[in-house]
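If you count the sequence shown from 1, position 13 lands on 15 in the numbering used here, and the numbers rise without skipping.
Positions of the beta carbon are idealized from the N, C-alpha and C atoms, including for glycine.
Here is the structure we will look at.
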Amino acid sequence: MFAWTYIDGSGEEVGRSRHFSDAETAEDWMGNCWRDLAENGVEEVVLFDHGRGQRLYRMGLGAE
């Protein structure tokens with residue numbers, strides 16, 4: 003199971019996504035939702051693989 007954790011500008015966790023069966027589905031979902039999250043104060047997201055207990059990666063949502 004894979005899920006996103008939402009991080010605000012102060013580095014605090016402010017929410018989590020639903021669970022996805024694979025990383026590709028989670029990434030597709032984020033590709034469709036990142037703007038809404040950013041507009042609601044989420045500055046970074048972290049993708050977790052809950053099956054392995056591993057953080058896969060962290061990325062910012064800000065436009066550069």
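Rounded to the nearest whole angstrom, the CA to CA distance from aspartate 38 to glutamate 26 is 20 Å. For glutamate 45, the secondary structure class from DSSP, reduced to helix, strand or coil, is coil. In this structure methionine 61 is in contact with glutamate 46, their Cβ atoms being roughly 7 Å apart against a cut-off of 8 Å.
For methionine 3, no beta strand (DSSP E) segment is defined, and its DSSP state is neither H nor E.
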